[in-house]
Amino acid sequence: MAERRRDQRSLRRQAPSTRQGPSPGASPGRAATFPARFWLVSLALFALALAFRLIVQHQISTWPLFDQVEFIADSRYYDLMARRVAGGNLVLNHAYFLSPLYIYLLAAAYALFGTGPATAFTLQAVLSAASCVLAYWIGRRLFGEIAGLIAGLLLALYGFVIYQSMMLLPGTLVLFLNLLALWIIVGLGERLSPGRLLAGGLVIGLAAAAKANALLLVPAAGLVILLRREHTPLRRWQGVLLLATGSLLAVAPFTLHNYAASDRFVLLSTTGGRNLWKGNGPGATGTHAFMEKALTGMGLQPHMADEVDAQAAVADSRRLTEEALQYMATHPGRTAQLWLEKLGLFFHARELGIRDQYYFIRQYVPLLRLPLPAFAWVVPLGLVGLVTALRAGRGSLIAAFLAAQVLSFVLIFVLGRYRLVAVACLAILAGHQFVWWWQALRTRLWRPLAVTGVLLLIALLLVNRPLPAFPTDRGFGDQYLALGRYYMSQRDFPTAIETFSQALEARWVEQPYLASSQADARFRIGLCQFFLGRKVEARDTLAQLLDDLRRDPDGVEAAQIEEIRRALQQVEQSLAAPDSSRTSE
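Here you go:
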């Protein structure tokens, strides 16, 4: 019995003697050791992860919109700004609207290797593979060799992480920088190394320049440092100060740029007010919500057209922030309920997108249709691993990083690509949990096994519960509409008609412009019929559309209705021509 109790205590504490393999930094005051096997495993893991990403890049190239950026508004902005910077305009004439660091990373890649999404996707494949290696390093340091390797493999094969590396969006860069910061801070070991603290702060600042929510990592990591009783209060506060100083140093160039461009203080970008309104205003749904045109103000279109007033853009962001906060204050019950719903969405298996629709793209990518690691089971494993890691006294820092991620997106809104850092943290904890179970089986600790098994079952049920409000095919209508426009531009009118028809039968992303998008699909079907010489069908299609819009014009602008009317008039004039009957046949 005494031996059994010792085994139980060993399992709870995750003592170094029970961990798999050497753990760098485990011994106080000693330099970390990295044997040759460590580097071989790191290289093999990087190669595996990169191979999967390059295969997906090759397969996704069959998607007609692969090399287009027009479909996703944020991608258009990043691509355009990066081209301007690569062309020599290093300083914009307004404060940054979206994440500034990603613009400069893209610009550097464009300048070195040529412009276009393919360049960005190759770079991101490398960064994503490097993130898998970082997950291995972090897991190895915290929980041992095997746990770290499992974490790296989970992230290397994780379908949605692979997919995001093929999107012209900053998610992959955000994941890499956050994991790099976590690895640096985890490496503090028993010592609060000033160099590591400053470096960790610098990387957190860069991560914030890629996605501003990373700034929450400073108080999150700072709290963990302050709770370390093995150091004096003065030493702990010095550590927090170094961390904050590094973050401010990294953020400062972007803040100075914004002040020079707008004569206003803007820490990183002017999109914060919009996101707060989208996530908490009267139209909030828990995920991204489109704004009414009356509220869009200095949005993406003015910024891309270079028609933005620098000071008006800052004022617009501040106005939306104030209005969002005022709405939340006057509707506390709804706000609290919405935050709970967003918390539920954050920990749900559904990968929510706007127009980056993961479930649609998979039909073009055979590899992503394989049973790869996914949120549905990796996250429940990680949540159980979080419990056992905290009980062992080794999960506080990674828990702080995870909490910062959850809090930041519950305060605005939830998207699948916003959860990448949280997924990586939970993959590391899942690796720990696999090792924990193996050790429990070896020592026949049936009660802890039963308890964690029940916790896993509960987590699985919560993460995979039905979510009828957000089905997996949500947004397919938008995808088909964009594809139809592409086929139309290629003058493949039969395929365009078929694709527009699929758009009308599919689900759409809820938005104020839904009626306009559906009308556009019907309008384009009529145009394609006309271009194919099927003029009678074109007339009937456009006449029916115009009649429907006259009865119910809500959501469709007068200019769009007028365009349809003129097109119908031209079709009727063509039918009245002497050879119209022969052409229409």
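In this note's numbering, each residue carries its 1-based index in the sequence shown increased by 12. Each residue gets a CB set at the ideal place from its N, CA and C atoms; glycine is no exception.
Note down the Cα distance separating residue i from residue j, rounded to an integer number of angstroms.
i	j	result
Arg95	Leu77	19 Å
Val422	Lys354	5 Å
Gly285	Trp351	17 Å
Asp552	Leu493	21 Å
Ile537	Ala550	8 Å
Ala193	Cys437	12 Å
Gly394	Leu468	9 Å
Tyr271	Ala401	44 Å
Pro182	Leu57	23 Å
Gly397	Arg406	11 Å
Leu239	Leu253	15 Å
Ala120	Pro129	13 Å
Leu235	Gly251	11 Å
Thr342	Ser329	20 Å
Arg362	Pro483	8 Å
Ile366	His300	7 Å
Leu214	Ser528	46 Å
Ile470	Arg331	43 Å
Phe83	Gln491	8 Å
Glu335	Pro294	11 Å
Asp560	Ala107	43 Å
Thr244	Ala224	32 Å
Quick one: what does DSSP say residue i is sitting in, helix, strand or coil?
i	result
Gly405	coil
Gly356	helix
Gly345	helix
Gly156	strand
Ser281	coil
Ala471	helix
Pro675	The requested residue 675 does not occur in the structure, where the chain is confined to residues 13 to 597.
His315	helix
Gln585	helix
Asp564	coil
Arg519	coil
Gln502	coil
Ala415	helix
Asn190	helix
Ile72	helix
His243	coil
Arg276	coil
His444	helix
Arg546	coil
Val466	helix
Ile366	coil
Phe46	coil
Ser529	helix
Gln80	coil
Ser54	helix
Near residue i, which residues of its chain fall below 7 Å by C-beta distance, leaving aside the five closest residues on each side in sequence?
i	result
Met340	Asn292 and Thr347
Val263	Gly217, Ala220, Ala221, Leu279 and Leu280
Tyr116	Val97
Asn105	Ala273 and Ala322
Leu228	Ala416, Leu419 and Ser420
Arg374	Leu380 and Arg381
Gly489	Ala515, Ala518, Arg519 and Trp520
Val377	Val68, Gln71 and Ile72
Tell me which residues share the same chain as residue i and place their Cβ nearer than 8 Å to its Cβ, disregarding the 5 neighbours each side in the sequence.
i	result
Arg578	none
Val433	Val186, Leu187, Asn190, Leu191, Phe413 and Gln417
Val583	Gly538, Phe542, Lys547, Ala550, Arg551 and Leu554
Gln349	none
Phe358	Val418, Phe421, Val422, Val426, Arg431 and Ala434
On the DSSP bridge list, what partners appear for residue i?
i	result
Gly295	None, per the DSSP bridge assignment.
Gly99	Partner(s): none; Gly99 has no beta bridge.
Write down the C-beta distance between residue i and residue j rounded to the nearest angstrom, noting that I regard them as a contact closer than 8 Å.
i	j	result
Ile509	Cys540	5 Å
Leu180	Ser87	4 Å
Phe446	Thr283	Contact flag wrong, Cβ pair sits at about 39 Å.
Gly496	Ala533	7 Å
Leu118	Tyr148	Going by Cβ atoms, the distance from Leu118 to Tyr148 rounds to 27 Å, so no, they are not a contact pair.
Measuring only between beta-carbons, confirm whether residue i sits less than 8 Å from chain B.
i	result
Gly465	In the displayed structure, chain B is absent; only one protein chain is listed.
Skipping 5 residues on each side, what residues in its chain have a beta carbon closer than 6 Å to that of residue i?
i	result
Val391	Leu438 and Val475
Leu461	Ala452
Phe505	Cys540, Phe543 and Leu544
Phe133	Gln69 and Met178
Leu200	Arg208
Ala589	none
Gln369	Gly487 and Gln491
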